[in-house]
Every structure is written in C-alpha cells, then in structure tokens.
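>
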Amino acid sequence: MLQREGLSGTDSNPTTPILELRNVNKTFGSVTALRDFHASVALGEFVTVVGPSGCGKSTLFNMVAGLEEPDVGGILRFEQRSVHASDLLGRVSFMPQRDLLFSWRTVIDNAILALEVEGVPRKAARAEALRLLPEFGLAGFADHYPHQLSGGMRQRVALMRTFLFKRELMLLDEPFGALDALTRAMMQRWLLDVWQKNRRTILFITHDVDEAIFLGDRVVVMTARPGAVKLEQRVDLPRPRSPDIVTSPAFIEIKRTLLAAIEEESMKSFTAATSTEYAQ
61 MLQREGLSGT DSNPTTPILE LRNVNKTFGS VTALRDFHAS VALGEFVTVV
111 GPSGCGKSTL FNMVAGLEEP DVGGILRFEQ RSVHASDLLG RVSFMPQRDL
161 LFSWRTVIDN AILALEVEGV PRKAARAEAL RLLPEFGLAG FADHYPHQLS
211 GGMRQRVALM RTFLFKRELM LLDEPFGALD ALTRAMMQRW LLDVWQKNRR
261 TILFITHDVD EAIFLGDRVV VMTARPGAVK LEQRVDLPRP RSPDIVTSPA
311 FIEIKRTLLA AIEEESMKSF TAATSTEYAQ
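Numbering (our numbering), first residue to last: 61 to 340.
1) For E139, collect the residues of the same chain with a Cβ closer than 7 Å to its Cβ; drop the 5 residues on either side in sequence, then sort them by chain order.
2) Determine the burial state of Q248: buried for a count of at least 16 other Cβ atoms within 10 Å of its Cβ, exposed for fewer.
3) Measure how close the beta-carbons of F106 and D277 come, nearest whole angstrom, since I'm counting them as under 8 Å.
4) Identify whether V124 lies in helix, strand or coil by the three-state DSSP scheme.
5) Would you mind sorting S153 into buried or exposed? The rule is 16 or more other CB atoms within 10 Å of its CB.
6) What do you get for W255, buried or exposed, if any count of 16 or more other CB atoms within 10 angstroms of its CB means buried?
7) Quick one: Cα of M350 to Cα of V280, how far?
8) Here's the rule: buried if 16 or more other CB atoms are within 10 angstroms of the residue's CB, otherwise exposed. What is I322?
9) DSSP three-state label for K315, please.
10) May I ask you to report which of helix, strand or coil DSSP gives K226?
11) Given a threshold of 16 other Cβ atoms within 10 Å of its Cβ, counted over all protein chains shown, does D304 qualify as buried or as exposed?
12) In terms of alpha-carbon separation, which member of V217, K183 and A185 lies closest to A199?
13) CB V124 to CB V269, shorter than 8 Å?
14) How far does the beta strand (DSSP E) with Q293 in it extend, from its first residue to its last?
15) In whole angstroms, what separates the C-alpha of L242 from that of F236?
16) Should P194 be labelled buried (16 or more other beta-carbon atoms within 10 Å of its own) or exposed?
17) Residue ranges of each alpha helix (DSSP H) run of no fewer than 4 residues wholly in the segment 114-170, ordered along the chain?
18) Tell me the DSSP bridge mates of I265?
19) Please go through the same chain and pick out, in chain order, the residues whose beta-carbon is closer than 7 Å to the beta-carbon of R227, but skip the five residues on each side of it.
20) Please name the residue, chosen from H267, R95, L219 and L297, that lies closest to I135 on a Cα-to-Cα basis.
21) Quick check on DSSP: helix, strand or coil for F274?
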C-alpha cells in the first residue's frame with residue numbers, strides 16, 4: 061500500500077485515506093496495463109508517481125478520474141467507501157498534460173469553466189476567480205486570451221481552473237512536462253506555495269525524478285508494464301522547500317534510490333521489447 065500505518069502526511073489527520081485501490085487489474089485486449097495494483101493516498105498528502113514509459117501511470121489516473129473501470133475483482137475506495145470507477149467521475153479534479161484552454165475564452169472565462177458546469181452563476185463564478193488571480197500569478201491578465209500567454213501562464217490558468225473545481229483530490233498528469241527548465245522550476249515552487257495554502261490532496265505524475273522528490277511527501281515508483289508498485293519512498297525533507305535543497309545529501313540519497321529502482325524497471329521493459337522484436 062502507498063499509505064502505511066504510522067506514516068504521517070501533511071494534513072491534520074494524515075492517516076485518513078481518501079483513496080484506496082486494492083487488487084486492481086486492467087487489461088486492454090492482450091495488453092495488461094495494471095496487475096495486482098495496491099495503493100492508497102492519505103488526506104492532505106502530496107504523492108508523486110514515477111516509472112518507466114508505458115508502465116500504466118495514465119491508466120491509473122484515468123481509473124481514479126472515473127474514465128476507466130478496473131477489471132472484475134479490483135476494489136476502489138474513495139472517502140472510505142467502496143465505489144465503482146464511474147462513481148468517481150466529477151468527484152475528483154483532473155488536469156491532463158495539455159492545458160486544454162479554449163482559444164475563444166479569456167483567462168477568467170477559461171478559469172471559471174468548472175464552476176459554470178457546476179451551475180454557479182457566471183457573475184458569482186467570475187467574482188470568485190478574480191479574487192484568486194493574484195494567488196495564481198495572473199493579476200492583470202483576466203481579459204487576455206490563451207495565445208497572448210506564455211506556456212507557464214497557460215499552465216497557471218489550467219491549474220486555477222482545476223483548483224476552482226472544488227474537489228479534495230486533485231490529479232495532475234505531468235502539468236509541467238512541456239515547459240523549459242527555468243519555467244518548470246518556478247512553477248514547481250509556485251505549486252508548492254499554492255498547495256501549502258489550500259491543503260488539497262494531490263496525486264502527481266512526472267517523469268522527472270528531481271521534480272518528484274522536490275514536490276512530494278512520498279514518491280511511488282511503478283514497475284514496467286504490467287504496472288504495480290515497486291517502491292514507495294518517503295521524502296523526509298523539511299517544508300517549505302527551497303531550491304537549494306536539491307543539493308543536500310538527503311535529497312541526493314533519495315534520488316539515488318529512486319533512480320536505481322526506475323533504471324531496473326526500464327531495463328526490464330527494454331529487454332522485453334527487444335525480445336519481442338527478435339521473436340517477430
């Protein structure tokens with residue numbers, strides 16, 4: 061399990077799991093994406109997920125978002141109740157890799173989309189979003205359109221929209237993956253500041269090990285396909301985290317452990333792919 065008895069998170073009640081998955085399998089035709097997947101995330105935690113390409117991270121997120129059902133026998137529990145994956149649709153906020161902003165809507169109108177879907181009157185939704193613009197680094201940009209924004213600012217709008225969809229659990233699928241290194245580092249620090257203020261529970265996919273450690277309370281390493289949990293690493297680094305923490309001995313030791321696990325799984329994936337190619 062990702063959450064084990066005795067591990068403390070960042071919330072006032074850190075041992076309360078908001079999400080649990082037990083014996084989860086997911087097969088697409090002849091391909092098994094997840095096998096015997098066990099996981100849980102505690103209320104208020106920031107959990108990051110890494111693993112080799114094709115290990116089932118996106119399948120996991122689609123399941124938690126309510127877009128995919130596990131195969132028969134898998135158990136999903138949300139807020140301490142057993143649910144079908146379809147029951148989770150609309151109960152968690154999900155930001156995919158692309159910002160998916162509507163080009164014809166302004167910053168403020170893109171941000172309030174989830175509130176409008178929820179039935180919040182447009183005037184009230186805009187007033188709420190306007191109050192949040194400074195916190196998301198968007199003060200003065202309410203009436204700008206997506207094409208007038210930098211990549212980092214577009215991601216801020218998308219994240220603001222995700223936060224305004226007021227759900228305790230947020231799924232963030234590589235939100236900074238397309239950004240340049242400097243913008244990415246700035247966005248990581250900004251996200252931690254926003255998280256500290258709002259205390260939402262976050263499950264965050266990334267391919268960047270440094271990012272996973274810098275952001276997370278725990279880092280989960282998935283195996284090569286079929287995906288399962290190979291390793292979970294507690295990140296016992298102080299918060300708030302400053303940029304220079306990446307050079308600390310504790311950070312470097314955690315990174316060494318994670319890289320060894322990921323490289324082992326990546327080699328398995330490469331070997332399997334090579335064997336299949338030669339067999340053909």
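C-beta atoms are modelled at their ideal positions from N, C-alpha and C, and glycine is treated no differently.
Quick answer:
1) I78
2) buried
3) 5 Å
4) helix
5) buried
6) buried
7) Outside the shown range of the chain (61 to 340) lies residue 350, about which nothing can therefore be said.
8) buried
9) helix
10) coil
11) exposed
12) V217
13) no
14) V289 to R294
15) 11 Å
16) exposed
17) 117-124
18) V109 and D233
19) R151, V152 and S153
20) R95
21) helix
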